[in-house]
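Enquirer:
Residue numbers (our numbering): 1 to 1109.
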């Protein structure tokens, strides 16, 4: 079916092997119950009581076989007697191999001749280990005398074949066998009923036969299921499902019937066992144990069969679902391909306006049909995702089909949209050309209808001139632009016909214009007679209308000048200089700067014009982005500290600015003070933008921190989005969109950069700095990947260590994984695993994590997936095998000298190659680093041996050098913007105010101020400052905060409260609470009082700050 063969479900070989093993165990138990000779074969002789098993035991637990008085014993054929004795001996031997036998031959009423014949036949036919033959001799005087004489002369012959003891009476028998092991006819107390014994043996053997038949049927049906060849026809699979279900139902009925019989038989044995002594009913006890074990094993086999059938049935149902889905996919693919072919058939030549409008109508009809088909495709994709969510065995194939449908729908939509744009442009052009030709015809008609005799007077000439001038005022804009501009504007839709049509229209316009100019010259000569001079006055330009700043509305007008003022209370020293209540900030925007608008320079080709368009869009959108960030920070974040709005702010939302806004202030400082100025300097040289991105690519890692905080911010926003505080701030700012739309701007902006760089790179193929643009694009794509990987990393749960110690996340993705162990208890378990585990792998610089993807479902469930930690491999002990036989998408990762081997199956070969390249880089770098460390340690040891004092001095100089290097390469102070940069900014005069504004916003630049303390100030800086630290002591607070700090945790000091406590956030455990300052000093280390906490400081520290707050 189709070009791609369907993926058949993997056979549940594990369940099949379990079924076979259960059947094998059942067979071994049946051997203890059944014997090769059945009761039916010897039933006649057993019923005549030729011989029987009373259940008694002699010396060494020997089994007693009794041969009672039987008048027809001599008439029994040798073959029949052998079968009887074999049957009676096989029953004990099946339970207890190697058991001995004692025969009691009762001939008290018989003759010596009969005794001699019986002993001879027993010696010839007895198949077991005969321990002793006890003969009760005749009781009559004559026969006893004859027997004694006969036995004395024949004793040696019998003793050579078997041990025979001749007993005179039953009393002599008690010397060899206890009376409780003898039946009543021999003076014993053993209770034995021959008819009951026959009924019991018949029932046991009948039950064993039924169990054996059921086991064989189960194994045969399991083999049939395991070896079933699946068809690619839905009807055949449906019939197969019905057939298997019916067979399964019949087998289950048979099993239930056998189980009922077995329980009844077990109940009967239990009753017999309870009625007598266990010592005297040894055989019944063994039969009861065997039957109980047989029933238990039959139950186990039934359970194994049920599990195997359920899995097979599920796989068969999933295979049927896959067949139906594949059929629907093929139909939908064919339908979309037909629509695509119809779309390609639509002509876009635009030979006439009527033809173009007819094509647009056909396109409308085609889009309507396409929309219906794509709706069906959406339903099919939804069904596919539902199948994948139900753990379908062909999940990868189904998701691939969904992606193919989505791609085909997107391709069709894009093609229809492109064709509509082309046809619409062609329609607009043709209409404009038609209007232009009509205008030319009207001009020709106007000139032809003017009466020449009326031109002789001055008034007549002026009237004619005014009529011509009025007509020329209605010149279509198309004719005013010129043919070259028209060719450039409609370059994407130009055809030879349209090009000829444009040239023809402008030729007609030139002809009409020449006629008009000739007529005007003639009329002016007539009208200029006796005309006084007229003073020309230039009209005063109109003031363009004002519009709102984009700072307060996402919709903005670039061709407007605007001014806005608003009062904002700012905490801090600068706010108190002007007024203790508020500060008035005034920002003026002028978007009519010539450098900011698209324009054409003489001698400039099309690519340069397009590059200018791109750089203009980049700079203008950057300005708008900075202004929107400023609006959010001033209009929302700063207002959270405004006392006048404190009543509107929920109590639980206070002190949550860092959660809601993240590091948005740092992002704003970077863009407003650094990056925007860099972009503006590239206005005349667009190719230099690549260097700007490369120079500042480390600063863009601010977005990684922002995106990691985004889930917490969104959760907080969903909780308080309806509060009156945000509504009041939105009303003041006159924003049409809520705060969450603006908090999404940084994420959107980050994705916009790579699109603009791609566009600029497309028009810069021949320039000298194209490599910088390529590097910038690669850096931004790497940043997007890093952000995406880090977003997945923060969703890992269950890892007890610090994920930061594993290094940066290099790759992450979902794979199928098989694990095998070289030795240990897990080896057998993992060898039995045929189905792969689905694992999400995270490749760090120092470790490889195996996690299980989990998604919550429900109304209030988090839509983002989480990853449960399963296993961790250190990269220092990892090796790889790049190719695995049988599948090009598989590779091996082995650990600790192949003690553990992980077979990884990638979704595609490309993904496998990418991962192998990245792992190979890590292993190569580890090897290089190890060699460098060995060389370095060897060199140091040699220097110490030569000159210890010299080595110490070099270390001191090295530490000073490293400190200077660190300070020299630290990130620039984003607030210390030079006045030269402020003068260079062309069209965003609001930037100089950003320094003053940001200094009042929660002391954003506090980290930079502290980082430039003098040596004297550092010695006096014993107090704590906000930032991230690593704890060196444990602390636990029992109370509403329930804050726990363990040694090694990363904690963030947020701010110091008035009551002498610090608001602390434990980043390792995601907890927040308050800790007294005295306790906090102990947690961070006693050396905190005398040493700086910054990473750049030399010396050993017990407390070390990890990053700025």
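Yeah, the Cβ is synthetic: ideal placement off N, Cα and C, and Gly gets one too.
1. Does the beta-carbon of residue 612 have 16 or more other beta-carbons within 10 angstroms, so that it is buried, or is it exposed?
2. Ordered along the chain, which non-local residues of its own chain (more than five positions away) have a Cβ less than 8 Å from that of residue 356?
3. Look at the Cβ atom of residue 325, then the Cβ atom of residue 384, and state whether they are nearer than 8 Å.
4. Residue 1056 by DSSP, collapsed to three states: which one?
5. Return the CA-CA distance between residue 1035 and residue 1062, expressed in angstroms with no decimal places.
6. Measure the Cβ-Cβ separation of residue 210 and residue 258 and say whether it is below 8 Å.
7. Would you say the stretch 680 to 692 touches the stretch 636 to 651, given that touching needs at least three Cβ pairs under 8 Å?
8. Terminal residues of the continuous alpha helix (DSSP H) containing residue 91?
9. Out of 877, 884 and 895, which has the shortest C-alpha to C-alpha gap to residue 927?
10. Who pairs with residue 327 in a beta bridge, going by DSSP?
11. Per DSSP, which residues does residue 844 bridge with? Please list them.
12. Can you pull the DSSP bridge partners for residue 134?
13. Is residue 1118 near residue 756, with beta carbons less than 8 Å apart?
14. Taking C-beta to C-beta, are residue 130 and residue 166 nearer than 8 Å?
15. Starting from residue 496, follow the alpha helix (DSSP H) in both directions and report where the run begins and ends.
16. Return the chain-ordered list of same chain residues with a C-beta closer than 7 Å to the C-beta of residue 57, the five sequence neighbours on each side being excluded.
17. Check this for me: beta carbons of residue 467 and residue 446, under 8 Å apart or not?
18. Secondary structure at residue 735, three-state DSSP: helix, strand or coil?
19. Return the CA-CA distance between residue 481 and residue 436, expressed in angstroms with no decimal places.
20. Residue 911 to residue 843, Cα distance in whole Å?
21. Compare the C-alpha of residue 513 against each of 341, 473, 782 and 497 and name the closest.
22. Among 72, 1065, 67 and 80, which has the Cα closest to the Cα of residue 43?
23. Excluding sequence positions up to five away, which residues of its chain have a Cβ less than 8 Å from the Cβ of residue 366?
24. I need the straight-line Cα distance from residue 707 to residue 1046, nearest angstrom please.
25. On the DSSP letters alone, give me the boundaries of the beta strand (DSSP E) that residue 402 sits inside.
26. With distances taken Cα to Cα, identify the nearest neighbour of residue 774 among 759, 786 and 785.
27. Measuring straight from C-alpha to C-alpha, what distance separates residue 433 and residue 443?
28. Which partner residues does residue 815 have in the DSSP bridge list?
29. Which first and last residues belong to the alpha helix (DSSP H) in which residue 723 is found?
30. If you count every other CB in all the chains shown that lies within 10 Å of the CB of residue 506, and 16 or more means buried, which is it?
31. Using a 10 Å radius around the Cβ and a threshold of 16 neighbouring Cβ atoms, would you call residue 141 buried or exposed?
32. Please report the distance separating the alpha-carbon of residue 726 from that of residue 676.
33. Please work out which residues of its chain come closer than 8 Å, Cβ to Cβ, to residue 521, disregarding the five sequence neighbours upstream and downstream, and give them in chain order.
34. In chain order, what residues of the same chain have a beta carbon less than 6 Å from the beta carbon of residue 573, not counting five sequence neighbours either side?
35. Kindly indicate which three-state DSSP category residue 470 falls into: helix, strand or coil?
36. Using the three-state DSSP reduction, which class does residue 1064 fall into: helix, strand or coil?
Expert: According to the data block:
1. buried
2. 350, 423, 426, 427 and 430
3. yes
4. strand
5. 14 Å
6. yes
7. no
8. 78 to 95
9. 877
10. In the DSSP output, where bridge partners are listed per residue, residue 327 has none listed.
11. 809
12. 104 and 165
13. For the chain, the structure presents residues 1 to 1109; residue 1118 sits outside this window and is missing.
14. no
15. 496 to 527
16. 63, 64, 181 and 282
17. yes
18. coil
19. 12 Å
20. 13 Å
21. 473
22. 80
23. 339, 342, 343, 346 and 416
24. 27 Å
25. Premise fails: residue 402 lies in the alpha helix (DSSP H), 395 to 449, not in any beta strand (DSSP E).
26. 759
27. 15 Å
28. 839
29. Neither: residue 723 is in no alpha helix (DSSP H) and is coded neither H nor E.
30. buried
31. exposed
32. 29 Å
33. none
34. With a pLDDT of 34 at residue 573, under the threshold of 50, the modelled position of this residue cannot be trusted; read the value that follows with caution. Closer than 6 Å at Cβ, skipping near neighbours: no residue.
35. helix
36. strand
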